[in-house]
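Following: one structure in structure tokens, then a few remarks.
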Amino acid sequence: MDSIIILTVLVVFFALAFDFINGFHDTANAIATSVSTRALKPRVAVLMAAIMNFVGALTFTGVAKTITKDIVDPFLLQNGSLIILAALLSAIIWNLATWYYGIPSSSSHTLIGSIAGAAVSAAGFAVLNWEGFIKIIQALIISPFLALAVGFLMMSLFKVLFKNANLHGTNKGFRTFQIGTAALQAFTHGTNDAQKAMGIITMALIAAQLQTTDDIQLWVRIAAAAAMGIGTSIGGYKIIKTVGGKIMKIRPINGAAADLSSAMIIFGATTIHLPVSTTHVISSAIMGVGTAQRVKGVKWGVAKKIVLTWIITLPISAVLAGVIFQVLNLFY
């Protein structure tokens, strides 16, 4: 029993570490456009995002419950604590590697891939809850395309509405408007991304027989929200540079359109309890906005690099988590 408690404590620690890293890794996407258009100074944007992330994380629990039970069943999982620890270590390693190189990869993909990979390594493919797992994968695949389409439509609408407006006045107005859209985007990020660590901790508590339901305990919600908020306050300027400038040259009207589009998709997913990649959604919304503005204005070479990272993240994370589980299992 003592070893199970130790493993559970380690899982809680690394889950909060993952959320902390997620804070400066993924939240950078939420404020990238507002920083690049100078609607907000970096320090102000980071502080605002940290607060809104914290609030968003405390507001919902549906996505956390999906993570808890829809990939594998924690009530039936053998070596559950070890599997979850391996998954977290894999996700943290991949997140830090992509953050170091300034690549906006998906924390959602790496976490979900890592959970599946560690579980399969421990008990084979039969351990996966295929219905729930496929539903999550579908949400991860479909959401970027929706964001691309909504971004395109949003920017097209703005072009019609403001075609006769004074350029200087429009930029000034949208720069102010972006403060609100950036706050909204950070809030929706908290409602979805912070939930994933909550789900992981709840999985560990169930696997250790310290909890008998999939309810998300209050201390888990507060701890995960605080970890993400603190991580956000550290900032993620390498990711901001990639998302905020390397995909396309962003003006205030573009940034506002991208912020609104991605916030709609992320919050929509939260309301139906599905985890999505905020990184994918935000980057895709920017591409959609850029396409509506001018197809050649999108730096498709950078976009292809980002998309490639999206594709490889889940399988690499799954394999890495499987290897880590086998190594940990030698010492457990």
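Taking this note's numbering, the leading residue of the sequence shown gets 5, the next gets one more, and so forth.
C-beta: ideal position from N, C-alpha, C; glycine also.
Going by the C-beta, is F329 closer than 6 Å to any heavy atom of the ligand SAM?
Among the ligands in the structure shown, none appear at all, so the ligand SAM cannot be discussed.
Which one of P319, H193, L334 and A153 has the shortest CA to CA distance from S94?
What you label residue 94 is simply residue 90 of the sequence shown in a count that begins at 1. Closest by alpha carbon: P319.
Tell me which same chain residues have a C-beta within less than 6 Å of the C-beta of F58, skipping the five on either side of it?
As a first step, residue 58 must be located in the sequence shown, where it is residue number 54. A229 and G233, listed in sequence order.
Assign L161 to one of three DSSP states: helix, strand, or coil.
Locating residue 161 in the sequence shown gives position 157, counting from the first residue. Residue state, collapsed to three classes: helix.
Count Cβ pairs between the stretch 119 to 131 and the stretch 319 to 333 that sit closer than 8 Å; are there 3 or more?
yes
Beta-carbon spacing of T195, T65 below 7 Å:
Translated into the one-based positions of the sequence shown, residue 195 becomes position 191. Translated into the one-based positions of the sequence shown, residue 65 becomes position 61. Contact flag unset, no.
Could you tell me how far apart the beta carbons of H113 and L132 are, in whole angstroms, since I believe they sit closer than 8 Å?
For this step, residue 113 is matched to residue 109 along the sequence shown. For this step, residue 132 is matched to residue 128 along the sequence shown. About 16 Å separates the two Cβ atoms, so there is no contact after all.
Where does V4 fall in DSSP's three states?
Residue 4 falls outside the range modelled here, since the chain spans only 5 to 336, and no answer is possible.
Per DSSP, what are the beta-bridge partners of L132 in this structure?
Residue numbering aside, residue 132 sits at position 128 when the sequence shown is read from its first letter. L132 pairs with V76.
If I'm right that L44 touches I183 with Cβ under 8 Å, what's the distance once you round it to whole angstroms?
Counted from its first residue, the sequence shown places residue 44 at position 40. Counted from its first residue, the sequence shown places residue 183 at position 179. Right, the Cβ-Cβ distance comes to about 6 Å (below 8 Å), so this counts as a contact.
Under 7 Å Cβ to Cβ from A120, same chain only, skipping five residues before and after it: list those, please.
Looking up residue 120 in the sequence shown gives position 116. Cβ neighbours of A120 beyond the five flanking positions: I75, L132, F137 and A322.
Measure the Cβ-Cβ separation of Q215 and D263 and say whether it is below 7 Å.
Along the sequence shown, read from residue 1 onward, the residue named residue 215 stands at position 211. Along the sequence shown, read from residue 1 onward, the residue named residue 263 stands at position 259. No, the Cβ-Cβ distance between Q215 and D263 is not below 7 Å.
For N99 and G235, believed in contact at Cβ under 8 Å, the rounded distance:
Translated into positions along the sequence shown, residue 235 becomes position 231. Translated into positions along the sequence shown, residue 99 becomes position 95. 11 Å between Cβ atoms; not a contact.
Excluding five sequence neighbours on each side, which residues of the same chain lie with their C-beta closer than 8 Å to the C-beta of L156?
What you label residue 156 is simply residue 152 of the sequence shown in a count that begins at 1. First, the amino acid is wrong: residue 156 is Phe here, not Leu. For F156, where only same-chain residues beyond five positions count, the Cβ hits under 8 Å are G292, V293, T295 and A296.
Leaving out five residues before and five after I140 in sequence, what residues of the same chain have Cβ atoms less than 8 Å from its Cβ?
By 1-based counting over the sequence shown, the position of residue 140 is 136. So the qualifying residues of the chain are T70, D74, I75, I116, L278 and P279.
Separation of N168 from G177, as counted between CA atoms
Here residue 177 refers to the residue found at position 173 when the sequence shown is read from its first residue. Here residue 168 refers to the residue found at position 164 when the sequence shown is read from its first residue. One C-alpha to the other measures close to 14 Å.
Pairwise C-alpha distance: A36 and G272
Reading the sequence shown from its first residue, position 268 is the one you call residue 272. Reading the sequence shown from its first residue, position 32 is the one you call residue 36. Going from the Cα of G272 to the Cα of A36 covers about 21 Å.
For S287, which of helix, strand or coil comes out of DSSP?
Your numbering for residue 287 matches position 283 in the sequence shown. Of the three classes helix, strand and coil, the one that applies to S287 here is helix, per DSSP.
Applying the criterion that 16 or more other CB atoms from any shown protein chain within 10 Å of the CB defines a buried residue, is T180 buried or exposed?
For the purposes of this step, residue 180 is taken as residue 176 along the sequence shown, with counting starting at 1. It is exposed - the Cβ of T180 has fewer than 16 other Cβ atoms within 10 Å.
Where does G249 sit, in a helix, a strand or coil, going by DSSP?
As a first step, residue 249 is located in the sequence shown; it is residue number 245 there, counting from the start. The predicted model places G249 with a pLDDT of 48, which falls under 50 and marks its position as unreliable; any figure quoted below should be read in that light. Reduced to three states, the DSSP call for G249 is helix.
Is the distance from the Cβ of P78 to the Cβ of I204 below 7 Å?
In the sequence shown, the residue the question calls residue 78 occupies position 74. In the sequence shown, the residue the question calls residue 204 occupies position 200. It is not a contact, given that the beta carbons lie outside the stated cut-off.
Within the same chain, show all residues whose beta-carbon is closer than 6 Å to that of A289, passing over the 5 residues directly before and after it, in chain order.
For the purposes of this step, residue 289 is identified with residue 285 of the sequence shown, where counting begins at 1. Contacts found: A151, G155, A262, S265 and S266.
Just to confirm, is the Cβ distance from F166 to M56 under 7 Å?
By 1-based counting over the sequence shown, the position of residue 166 is 162. By 1-based counting over the sequence shown, the position of residue 56 is 52. Result no, Cβ atoms of F166 and M56 do not sit closer than 7 Å.
Determine the burial state of I251: buried for a count of at least 16 other Cβ atoms within 10 Å of its Cβ, exposed for fewer.
In the sequence shown, residue 251 corresponds to position 247, counting from 1. For I251, the predicted structure reports a pLDDT of 49, less than 50, and the residue's modelled location is therefore unreliable. The matter cannot be settled from this model.
Using the Cα positions of G259 and A212, report the straight-line distance between them to the nearest angstrom.
Locating residue 259 in the sequence shown gives position 255, counting from the first residue. Locating residue 212 in the sequence shown gives position 208, counting from the first residue. So the alpha carbons of these two residues sit roughly 45 Å apart.
Which of the three DSSP states, helix, strand or coil, is assigned to T1?
Outside the displayed range of the chain (5 to 336) lies residue 1, so it cannot be described from this structure.
Does DSSP put N170 in a helix, a strand or coil?
Taking the first residue of the sequence shown as position 1, residue 170 is located at position 166. Here N170 sits in coil by DSSP.
Quick one: what's got a C-beta closer than 7 Å to I8's C-beta in the same chain, skipping five residues either side?
Here residue 8 is taken as the residue at index 4 of the sequence shown, counted from 1. Closer than 7 Å at Cβ, skipping near neighbours: S85 and A212.
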